[in-house]
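Encoded as structure tokens, the structure appears first; notes follow it.
Rendered as structure tokens:
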């Protein structure tokens, strides 16, 4: 059996169990980008939008890949929504990522038990688990970065496969660019090569990868909106208006550090109370049992032989973590899901220090029990509630609109924002149009035998009292969704 096959044999069950749990409890509180990806993919599939509209500078090739997957599903006679296809793709990719991480952990620590601890912690971390059941580019990117680490952190550095994984990850999400640091450092630390050869290979990789990325972006930019983005750089550097650079120290000491804690555990008391049921009770009982076991195992440890820690891997993992940590401290500091790019490095570093320190090395079974307890808690307090259809209030209002608003309706908007993505995707068939400059154009449409509606941004722009025939709203401290129609009803 190959070294790779031998390495994963003790823990082959982890990807299978992960896959089962992920598939059985797909999230129903969707990541908003995933909703937009799915909306765009289905519009292209229907012929309502051009394929080139799928290219987005932040995650250049993810939507085109999603379109290919969705088209393949339709060609096989599987008539489902694009978001479901993307979710199923994510869970398969995530299961594969857990296997790769286990192999890396075993190779770095020399301990199958520590690798099992790392694998369970990685697969069941709150944010990773949630996004593994959603539609997003992060899971695939992290798998590619893990593969890049697998090829570059080993004793025999393999630049070509590592580089191909890194380039692919960068074409799926821009934040993958920071993996240049550990990859180039791996080249610099390769003991088999002379200094001259290391410099030459590093320069060659930089030249080839930057050229490949630049050419791909340039080809896609040719189809972009040049009025909104007059230069390639403006297109590449564009980002969501809700993401900002860090302005105060309070953002670092508060939301930045707490966002790392959310990688490990999640849950909200309101959702726990609302969906409290037998599966959650069983999960919390399992969590308690695992924590009690962890305490017992900690106090009744047995002597073990020292592990062979790979010092080179530790240096490379620290470079991976610190590079991202410094950037993410300066940009969108409180964002948790961007921290997924360092989640593997965090887990592997924890595993290496557990295996390295004499106090923790003899207590690896306690850490295994702790990881199982975290998994049980996250399932009961976080994953199971979010897998319920009513957990997302925006989805609830979208489904209500879908049931009550005729498909002949026209909806006007001033800005097509994330709440609108939800309404347009989960209440499909209605026509969404930008608010025209002339009210007369709206009045002309209002004479048609179909409802004419205005969403939140259009209502704010018009500043008119609309005699609505139908209206839906969700206005609170978290949401400001209003949809009002001039005529309507079934």
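In my numbering, the protein residues as written are 1227 to 1716. Here a beta-carbon is modelled for each residue, glycine too, at the ideal position from N, C-alpha and C. Owing to the predicted nature of the structure, the values given are computational and were not obtained by experimental measurement.
Using the Cβ count rule (16 or more neighbours within 10 Å means buried), how would you classify residue i?
i	result
residue 1302	exposed
residue 1583	exposed
residue 1591	buried
residue 1420	exposed
residue 1339	buried
residue 1285	buried
residue 1238	exposed
residue 1681	buried
residue 1710	buried
residue 1358	buried
residue 1664	exposed
residue 1355	buried
residue 1599	buried
residue 1637	buried
residue 1381	exposed
residue 1389	buried
residue 1278	exposed
residue 1717	Outside the displayed range of the chain (1227 to 1716) lies residue 1717, so it cannot be described from this structure.
residue 1230	The pLDDT assigned to residue 1230 is 45, lower than 50, so where the model puts this residue is not dependable; a value taken from the coordinates is nonetheless given after this. Residue 1230 should be labelled exposed.
residue 1418	exposed
residue 1507	exposed
residue 1511	exposed
residue 1422	exposed
residue 1633	exposed
residue 1379	buried
residue 1536	buried
residue 1304	exposed
residue 1593	buried
Ordered along the chain, which non-local residues of its own chain (more than five positions away) have a Cβ less than 8 angstroms from that of residue i?
i	result
residue 1353	1488, 1489, 1492, 1562, 1563, 1565, 1566 and 1569
residue 1484	1560
residue 1326	1369, 1372, 1373 and 1376
Using C-beta distances below 7 angstroms, list every residue in its chain close to residue i, excluding the 5 sequence neighbours before and after it, in chain order.
i	result
residue 1595	1516, 1519, 1520 and 1523
residue 1351	1489, 1490 and 1569
residue 1462	1283 and 1443
residue 1698	1623, 1626, 1627 and 1709
residue 1266	1275, 1279, 1280 and 1289
residue 1650	1265 and 1658
Quick one: residues in its chain with C-beta nearer than 6 angstroms to the C-beta of residue i, no 5 flanking neighbours on either side, listed in chain order?
i	result
residue 1653	1624, 1627 and 1628
residue 1393	1435 and 1438
residue 1396	1402, 1403 and 1439
residue 1227	For residue 1227, the predicted structure reports a pLDDT of 42, less than 50, and the residue's modelled location is therefore unreliable. A value from the coordinates is still provided. Answer for residue 1227: no residue qualifies.
residue 1589	1524 and 1527
residue 1540	1578
residue 1399	1285, 1363 and 1367
residue 1391	1370, 1373 and 1374
Per DSSP, what kind of secondary structure is residue i in: helix, strand or coil?
i	result
residue 1433	helix
residue 1614	coil
residue 1313	helix
residue 1416	coil
residue 1591	helix
residue 1243	helix
residue 1680	strand
residue 1702	coil
residue 1384	coil
residue 1269	helix
residue 1639	strand
residue 1656	coil
residue 1318	helix
residue 1707	strand
residue 1633	coil
Entirely enclosed alpha helix (DSSP H) segments - the stretch 1526-1565, minimum 4 residues: 1537-1556
Three-pair Cβ contact test at 8 angstroms for the stretch 1634-1645 versus the stretch 1594-1606: no
Three CB pairs or more closer than 8 angstroms across the stretch 1657-1666 and the stretch 1258-1274: no
At least three beta-carbon pairs within less than 8 angstroms, the stretch 1312-1327 to the stretch 1241-1250: yes
4 or more residues per run - each alpha helix (DSSP H) lying fully within the stretch 1446-1493: 1458-1462 and 1483-1490
Cβ pair count under 8 angstroms reaching 3, the stretch 1344-1364 against the stretch 1252-1259: yes
Stretch-stretch touch, CB-based, cutoff 8 angstroms, three pairs: the stretch 1288-1304 with the stretch 1326-1345: no
At least 3 beta-carbon pairs within less than 8 angstroms: the stretch 1372-1392 vs the stretch 1493-1502: no
Beta strand (DSSP E) runs wholly inside the stretch 1276-1306, at least 3 long, in chain order: none
Segment contact, 8 angstroms Cβ cut-off, at least three pairs: the stretch 1570-1580 with the stretch 1546-1557: yes
Within the stretch 1347-1409, ranges of the alpha helix (DSSP H) (whole runs, at least 4 residues): 1352-1358, 1364-1378 and 1385-1398
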